[in-house]
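Contents: one structure, followed by commentary.
2 protein chains.
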Amino acid sequence: MAANSKFPSQLVFPSGDKPIVTATDVAREAGVSISTVSRIVNGTARVAKDKRLAVEAAIARMDYRPNLQARSLKLGTSMIIGMLTQDIESPFLARVIRGFEEALVGTGYAPIIVSGHWNQKEEIERVGLLMDRRIDGLVVLYGDLSDSQLLEISRRQPVVATGRRLEGEHIRTLQLDHEQGGYIAASHLLGLGHRRIAHISGPPLHTDATERYAGFVRAHREYGVEVDRDIVFQGDFLEHGGVLAMNRLLDCGKNFTAVFASNDQSAMGAHLVMYRRGIRVPDDVSLMGFDDIPAAAYLTPPLTTVRQPFFEIGLYLAQSLLAMLGHDLGELTVPSMELVIRESVKRC
Amino acid sequence: MAANSKFPSQLVFPSGDKPIVTATDVAREAGVSISTVSRIVNGTARVAKDKRLAVEAAIARMDYRPNLQARSLKLGTSMIIGMLTQDIESPFLARVIRGFEEALVGTGYAPIIVSGHWNQKEEIERVGLLMDRRIDGLVVLYGDLSDSQLLEISRRQPVVATGRRLEGEHIRTLQLDHEQGGYIAASHLLGLGHRRIAHISGPPLHTDATERYAGFVRAHREYGVEVDRDIVFQGDFLEHGGVLAMNRLLDCGKNFTAVFASNDQSAMGAHLVMYRRGIRVPDDVSLMGFDDIPAAAYLTPPLTTVRQPFFEIGLYLAQSLLAMLGHDLGELTVPSMELVIRESVKRC
DNA sequence: ATGAAAGCGCTAACAG
DNA sequence: CTGTTAGCGCTTTCAT
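Those sequence lines, one after another, are chains A and B.
Those letters in the first sequence? Residues 1 to 348, by the numbering used here.
Those letters in the second sequence? Residues 349 to 696, by the numbering used here.
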């Protein structure tokens, strides 16, 4: 069997020393036609037992693996899903990706991830590259692409996006209720007796951030307490923005008993500033975050926050996309936010 | 020009409503042959100005984008690089990926990332999937693949791997000097007068971890102080392992003035335990980490640690791989570790 | 049940 | 300078 030790001349050694074997090679080795090989590999039709055995033996012996690119070209489907994320280092985006990835296991689809770095031009370019590879679907995790750009993109392949609400035939969006999240956070503080609550906001154009603030305002209204705009300072959803805002807050001379940071990363920055200035959390001031990133549980004190179900968001996105691709996965449950009480907030 | 409003019948609408246009369509539209289109798109040869203009106009008008899969099939190169990571949520792996990604920008290569979750079986399967897509190169970020498996894989396409040392024609490895890193950490503590230094180790089979410990031991030897094995406890490189180890350490009754955690995540766990038990860092005990993950700078107090240049590691890996793929990028500098002094360690 | 042949979209000889 | 043609590796009619 190992008798034909000389390889057919057309076998190539692309960059390694191991020949790359094609279905044609397997067919020759097994003494059948290439169509038979294909049928066996894909289980597309019945094949006589002896041939099947011969082919399977050849496949194993030669270590044949079908070329997915060729198959894709023929089938008109790449089995790859493009993911546009903003920053692969972001703790919460990473968790969404992880959930998405998890849902894809076993489906044959593989994600290819590109980063846009919150830069519209870059995002467009990267998505273009993805589309050049004929992705079967695209998931857009936040970012600065306009709604109409997204709609246009969805004319090529199904799109699912987070952080916006959008209607379209080949597009699905997931937008959690951030207003409600902000409301939950503020209510918790208000319910514990806090009446002067400072806020570190997010990027002014980021709707997730502005909605959280809106919920913060609504909670105040319900409690009949006025929000003092003098103690809301702008952050940028990053740690450093949190330190800047917290410093300004402390320097403005106004008093307050709690601060609601628009996300955990801002809260971490604020926390550090208070540590530096000898302000104890939560004894001197309570601190509340938003997101529940992995590090939140290991701050000292562990951070009270509103949990966004990132992993489940990833799962949900994958399911929505798969559904548009014709894979039926039954009911989809929309994840919701929930208060995570730890130790950075105390009764006022 | 928009006169021919009826599309050629063979145009298909895969899952969107926008026709997918091929080079053939462009050729027809511009009144030239398909090879001319190819030549213009790739800049492969001189083409008469009028035809070039006509083709470019057609491309713009029809919004043509070459099908990379087809090109790959023809060229025998996919322009995709596979990355096997262990956990996309790991703060340090994410940074390596980011560096890698950065180095790839503009090269035409795109990474596709899969996770192995520190599970050999899973790793093999994912790498197989990657190879089915005929990746042009593979980068292996740590993991449980054996050296011989890696060598075998490198017979198909160039491989670059971290966390081990390995020789092979189509394989390059990057292994930082963790022994030296451990030495740096321990020396810093010893130099500040600490004589009883506890250690939270990493996974016992993880060579990075064992080497760090070896460096820790060497530093002690040089200072002529004995390491007390009773105050080294095993962790797992994760936060929770850090809390478990720290609790055991505190409960064992032995005294110590500093703890060297084998990585920052372990240090975070240990830090939380001390916070809980009212032990002040660094006043009561000094704490030293390893890695310098993003969160390290925002612990309270900010964590003194040994920085691993993850971003640069990513860059380096990309360069090595690109070099094997025939792209000359000049000198490669091997990044080294360095002490990052913050506030979690003080003189004893 | 199986083989021959066409063709997915593209590039690269090879002729003109 | 430009068009014709032969595949890249695969799946899938269409005959047999």
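Note that beta-carbon positions come from the ideal geometry of N, C-alpha and C, so glycine has one too.
In the same chain as B/H542, and ignoring 5 residues on each side of it, the C-beta atoms closer than 7 Å to its own belong to T605, A606, S634 and C696, in chain order. A/V114 is a Cβ neighbour of A/L129, given a cutoff of 8 Å. Within chain B, not a single residue places a beta-carbon under 8 Å from that of A/P309; the smallest gap is close to 15 Å. Around the beta carbon of A/H327, fewer than 16 other beta carbons sit within 10 angstroms, so the residue counts as exposed.
In this structure A/S266 is not in contact with A/F310, their Cβ atoms being roughly 17 Å apart against a cut-off of 8 Å. Under the rule that a run must span 4 or more residues, the alpha helix (DSSP H) segments found entirely inside the segment 491-521 of chain B read 495-501.
Beyond the five residues adjoining it in sequence on each side, A/E211 comes within less than 6 Å, by CB distance, of H178 and E179 in the same chain, given in chain order.
In this structure, the straight-line span from the alpha carbon of B/K399 to that of A/T22 is close to 39 Å. Annotated three-state conformation of B/L597 is helix, per DSSP. Here the alpha carbons of A/R276 and B/V621 stand approximately 21 Å from one another.
Its Cα nearest to that of B/D365, the residue A/L151 stands out among A/L315, A/D284 and A/L151. Contact check for B/G637 and B/A451: beta-carbon distance about 27 Å, past the 8 Å limit, so the pair fails to qualify.
Beta-bridge partners of B/T455 (DSSP): none assigned. Uninterrupted alpha helix (DSSP H) stretches at least 4 residues long and entirely within the segment 632-681 of chain B occur at 658-672, given in chain order. One thing to note: A/I81 has its Cβ within 8 Å of the Cβ of A/G137. When DSSP reads this structure, B/F608 sits in a beta bridge with B/H547 and B/M636. At a C-beta separation below 8 Å, A/P66 has these neighbours in chain B: D480.
At a C-beta separation below 8 Å, A/H271 has these neighbours in chain B: Y646 and T648.
Contact between A/S187 and A/V281 is ruled out by a C-beta separation of about 20 Å, above the 8 Å threshold. The C-beta distance from A/M83 to A/S72 rounds to 18 Å, too long to meet the 8 Å contact threshold. Boundaries of the beta strand (DSSP E) around B/E686: E686 to V688. Within chain A, the residues R155 and R156 have their CB atoms less than 7 Å from the CB of B/K366, given in chain order. Proximity to B/I689 across B/V507, B/A567, B/E570 and B/T653 peaks at B/T653, based on C-alpha coordinates. The residues R156, in chain order, have a CB closer than 7 Å to that of A/M131 in the same chain once the five nearest residues on each side in sequence are set aside. Each residue's CA atom was taken as its position, placing B/R596 and A/S201 some 41 Å apart.
Residue range T555 to Y571 is occupied by the alpha helix (DSSP H) that includes B/F564. In the DSSP secondary-structure assignment, A/L84 is bridged to A/V114 and A/V140. Linking A/G191 to B/N415 through their CA atoms gives a straight-line distance of about 58 Å.
Distance from A/A54 to A/A30 at the Cβ level is roughly 4 Å; contact confirmed, criterion being Cβ atoms closer than 8 Å.
Within chain B, no C-beta atom comes less than 8 Å from the C-beta of A/E167; the nearest is roughly 15 Å away. Listed along chain B, the residues sitting closer than 9 Å to A/E89 by beta-carbon distance are P439, A442, R443, I445, R446 and P642. Nearest in C-alpha terms to A/K74, of all of A/L166, A/L141, A/A318 and A/R134, is A/R134.
In chain A, no part has a C-beta under 7 Å from the C-beta of B/Q582; the shortest such distance is about 19 Å. Taking the Cβ atoms as the reference, A/Y142 lies roughly 4 Å from A/G163, within the contact range of under 8 Å. Apart from sequence neighbours up to five positions away, the residues of its chain that approach A/L332 with a beta-carbon distance below 7 Å are Y316, Q319 and S320, ordered along the chain. Taking B/S502 as the centre and dropping the five residues before and after it, the same chain places the C-beta of G516, H518 and I519 closer than 7 Å to its C-beta, in chain order.
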